[in-house]
Structures are given as structure tokens and as C-alpha cells.
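A.B. asks: This note's numbering applies: residue 229 is where the sequence shown begins, and numbers increase by one. Beta carbons are placed, not taken as given, at the ideal position from N, Cα and C, and that holds for glycine. Take a look at the following structure, please.
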Amino acid sequence: IIAEDFNGDGHIDLLLLGNLNTSEVETPRNDASYGTLLLGKPDGNFSYISNSQINLWANGDIKNARLITIAGKRAVIIAKNNDSVSILSLPHLSP
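Below is the structure:
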């Protein structure tokens, strides 16, 4: 979970990333998430933004994510278990 004001409106938003590919025999994999962005509202609630609206498709066994800046633009670097690191650009949400 990354808590950050992604759209520059002064309210904290939540970027939720991750899947769980390792589990016990009795428990199925939890691998259907592509990530979720919840935009903070002035009343303390959140509104859901669809993945297709912001081009958010972060799948895989995500273990860690951090907000970084590349050439003055914010991005999220994503570390996956037994996979390559990927970078998620959200330029349309940069304040």
C-alpha cells in the first residue's frame, strides 16, 4: 500500500498492489488483482478509479513497491517474487 496524494488535490490517496502466489494446499492462490487506486475525498472517504481509466495493470506476485521520481515525473517501482522489476508510470495523476 502506498499512501500519497497522487492527483495533487491535497488529500491522501491509496495505491493497493499485490497478489499472493504462495499458499498452503488448502488455500488457493490469490492472484486476480491488477492493483487498485482509491482517491481520497475531503470527507475522509475514498473513491475507486477503474484500472482502464488510469492504465493500471500491475499483476504478479508483488512483494514491494515504492514511489520514485524519474525525469521529474512520479512513478512506482514494483518488485515481484522471482520476476523482473517493473516501473508503473502514472503521468496523468502527477500534480
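How would you label I296, buried or exposed, when you count the other beta carbons within 10 angstroms and need 16 or more for buried?
C.D. replies: Burial call: exposed.
A.B. asks: Just to confirm, are I290 and I315 a CB contact at a threshold of 8 Å?
C.D. replies: Going by C-beta atoms, I290 is not nearer than 8 Å to I315.
A.B. asks: Using 8 Å as the cut-off, can you tell me whether the stretch 233-240 makes contact with the stretch 268-279, which would need three or more C-beta pairs spanning the two stretches below that distance?
C.D. replies: The answer is yes - the stretch 268-279 touches the stretch 233-240, with three or more Cβ pairs under 8 Å.
A.B. asks: Along the chain, where does the alpha helix (DSSP H) containing I282 start, and where does it finish?
C.D. replies: From DSSP, the alpha helix (DSSP H) with I282 extends over N279 to I282.
A.B. asks: Should A293 go down as buried or exposed, given a rule of 16 or more other Cβ atoms within 10 Å for buried?
C.D. replies: Classification for A293: buried.
A.B. asks: Do you know offhand how far Y262's Cα is from L243's?
C.D. replies: Cα to Cα, the separation comes out at about 11 Å.
A.B. asks: Can you tell me whether DSSP reads Y276 as helix, strand or coil?
C.D. replies: Y276 falls in the strand class under three-state DSSP.
A.B. asks: What three-state label does DSSP hand K308 in the structure shown?
C.D. replies: Three-state result, K308: strand.
A.B. asks: Would you grab the beta carbon distance between S188 and A299 for me? Rounded to a whole angstrom, and I think it's under 8 Å.
C.D. replies: This structure cannot settle anything about residue 188, because the visible part of the chain is limited to 229 through 323.
A.B. asks: For D241, count neighbouring C-beta atoms within 10 Å of its own C-beta (all shown protein chains included) and say buried if the count is 16 or more, exposed if not.
C.D. replies: By the neighbour-count rule (16 or more Cβ atoms within 10 Å), D241 is buried.
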